[in-house]
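The numbers in full-length UniProt numbering rise by one with no breaks, and the one at position 72 of the sequence shown is 72. Idealized CB from N, CA, C, for every residue including glycine.
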Amino acid sequence: MRPQEAISAADSACRQAKLDGNGRIVVYGNGPPKFEERARQMGLLKQFSGDRPPSGLYLEMQPIMSMTTPYDALDFEVLLRMRGADGVAIPPAKAIMAAETNGTISALDKWVMETTLTWISKNRSRLSRTRFVSVNVSAASLNDERFVKEVGVLFRRFRQVVPLLCIEITEGVALHDLANTRRLISSVQRLGAKVALDDFGAGYTSFPYLRDLPADALKIDGEFVKNISGSPANAAIAEAIIGLARNLGMQSIAEWVEDAPTLEILQTMGVDHVQGFAVARPQAPEVILAATSAADFITDPLILVMIGPRTAAILTDDDSLPSLH
């Protein structure tokens, strides 16, 4: 190892030790695999150290299928993706962690929001069957006054398409500060967008607080969904959330729906929407634009039988996320 490489490795080890915290010790050996992995991690952190998001970011979209009108609605969740300078995909979790570590997650969230709204606005005429487009927002951004103000500016700029937007807030964030969450939900809804509580059910004690959180939808924590056929407890919790959403006038969305048996159970429970590989993997934006419904992506014949044949039914407002009052 050359002197400059040794100095760089020592600096990287020091940075990593600080990130790990709790008096950790990080040792850099001269073995290529471990050294290269650490170097990649540090390189990614540097990319997220500026005021602007790094190059290489792009979006994919995962269809969310309506269980009442599967062939007549094309709804989806926007997902962040990133490629390195070498063109190799970087795991989204690593990119998000790098942004959170460097305190630039709000800039990243703003990029996703603005890019999404720009894309919807540009392609509105080709999204006539889309009732909602879900976008995740991090806890740090929701507590960042500057971010909230900037989003308000974006919403006013794209006021024509904001009603299609559904902001996903994780249950843990929502319950951390109920008063602030209520204000945030009210503000977002006033500007025309919808709000979904994501990963709902992770804290079962959150159920009583729902009456104080006027969200438009509940997204069931995927941990309860993925093993629903083999866990009576998971099935009971999922069914309770679906029933609760219905009674409160909210829509229910089940994520991590990976196979036909899981989808069949959720269908029996009366879930409103499903998302997961059983319906479709994340798609490029141009692929979404070429589709007419989320059901277009289904390849499993068992699921096609479950949802029934394509009909000429027309989607009504009752089949979308609830209208704002």
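Residue range of the beta strand (DSSP E) that includes residue i
| i | result |
| --- | --- |
| Ser252 | Gln251 to Ala254 |
| Val225 | Taken as a continuous stretch (DSSP letters only), Val225 belongs to no beta strand (DSSP E), being part of the alpha helix (DSSP H) at Gly222 to Val225. |
| Val78 | Asp75 to Arg83 |
| Val195 | Lys194 to Phe200 |
Neighbour-count burial assignment, residue i, 16 or more Cβ in a 10 Å radius
| i | result |
| --- | --- |
| Leu302 | exposed |
| Phe277 | exposed |
| Gly201 | buried |
| Arg146 | exposed |
| Asn180 | exposed |
| Ala73 | buried |
| Ala196 | buried |
| Arg177 | It is Asp, not Arg, that sits at residue 177 in the sequence shown. It counts as exposed. |
| Thr316 | Caution is warranted here: a pLDDT of 49 is assigned to Thr316, below 50, making its placement in the model unreliable, and no coordinate value can be reported. |
| Gln160 | exposed |
| Pro70 | buried |
| Asp51 | exposed |
| Thr299 | exposed |
| Lys110 | buried |
| Asn234 | buried |
| Gly103 | exposed |
| Leu44 | buried |
| Gly172 | exposed |
| Ser320 | Confidence at Ser320 is low in this model, with a pLDDT of 48, below 50, so its placement is unreliable and the value that follows should be read with caution. With 16 or more other Cβ atoms within 10 Å, it is buried. |
| Thr262 | buried |
| Gly249 | exposed |
Start and end residues, alpha helix (DSSP H) containing residue i
| i | result |
| --- | --- |
| Ala290 | Pro285 to Ala290 |
| Ile169 | That residue, Ile169, is in no alpha helix (DSSP H); its beta strand (DSSP E) goes Leu165 to Thr170. |
| Gln267 | Ala260 to Met269 |
| Pro63 | Unbroken run through Pro63 is the beta strand (DSSP E), Leu57 to Ser66; no alpha helix (DSSP H). |
| Arg183 | Leu178 to Arg190 |
| Arg246 | Pro232 to Asn247 |
| Val161 | Val161 -> no alpha helix (DSSP H), and no H or E assigned at all. |
| Ile307 | Pro301 to Ile307 |
Any non-hydrogen atom of the ligand FMN within 8 Å of residue i CB
| i | result |
| --- | --- |
| Thr170 | This structure simply doesn't include the ligand FMN, nor any ligand for that matter. |
Cα-Cα separation, residue i to residue j
| i | j | result |
| --- | --- | --- |
| Lys194 | Ile25 | 46 Å |
| Gly308 | Thr68 | 10 Å |
| Ile241 | Arg81 | 30 Å |
| Ile220 | Ile228 | 12 Å |
| Glu264 | Glu286 | 30 Å |
| Asn143 | Ser231 | 36 Å |
| residue 326 | Ile167 | Because the chain spans 1 through 325 in this model, residue 326 falls outside it and cannot be assessed. |
| Gly152 | Ile237 | 36 Å |
| Pro208 | Ile253 | 19 Å |
| Leu324 | Gly87 | Note that Leu324 scores 37 on pLDDT, short of 50, meaning its location in the model is unreliable; the coordinates nonetheless yield the value given after this. Taking the straight line from one Cα to the other gives about 42 Å. |
| Arg156 | Lys149 | 11 Å |
| Met306 | Gln267 | 9 Å |
| Ala313 | Gly243 | Here the model assigns Ala313 a pLDDT of 48, short of 50, so the residue's position is not dependable and the matter cannot be decided. |
| Val225 | Met269 | 12 Å |
| Gln251 | Pro163 | 16 Å |
| Asn123 | Ile64 | 18 Å |
| Glu239 | Pro91 | 32 Å |
| Ile105 | Ser128 | 32 Å |
| Leu165 | Ile120 | 9 Å |
| Ala260 | Asp296 | 16 Å |
| Ile185 | Phe158 | 18 Å |
| Arg83 | Asp198 | 26 Å |
| Glu77 | Leu175 | 23 Å |
| Arg310 | Leu304 | 9 Å |
| Ala95 | Ala140 | 15 Å |
Nearest neighbour of residue i, chosen from the options [CA to CA]
| i | options | result |
| --- | --- | --- |
| Ala79 | Val133, Lys122 and Arg124 | According to the sequence provided, residue 79 is Leu. The question's Ala does not apply to it. Looking at the Cα atoms, Val133 is the closest of the given residues. |
| Leu289 | Asp272, Glu223 and Thr130 | Thr130 |
| Glu60 | Lys46, Ala89, Gln47 and Tyr71 | Ala89 |
| Pro282 | His273, Asp272, Ala294 and Val271 | Ala294 |
| Ser55 | Ala85, Met113 and Asp199 | Ala85 |
| Asp272 | Ile120, Glu255 and Ala284 | Glu255 |
| Gln275 | Val188, Glu258, Gly172 and Ala98 | Glu258 |
| Arg183 | Pro163, Leu154, Ala215 and Val162 | Ala215 |
| Arg211 | Leu191, Ala245, Gly222 and Glu223 | Ala245 |
| Ser138 | Leu304, Arg126 and Met113 | Met113 |
| Ala217 | Ile169, Ala280, Ala284 and Leu57 | Ile169 |
| Ala280 | Gln62, Phe48 and Tyr58 | Gln62 |
| Val188 | Val135, Phe48, Arg83 and Ala93 | Val135 |
| Ser49 | Ala98, Leu57 and Asp75 | Ala98 |
| Gln47 | Asn247, Leu108, Ser66 and Phe76 | Leu108 |
Just to confirm the assignment: which complete beta strand (DSSP E) runs, minimum length 3, are found wholly within the segment 100-157?
133-136
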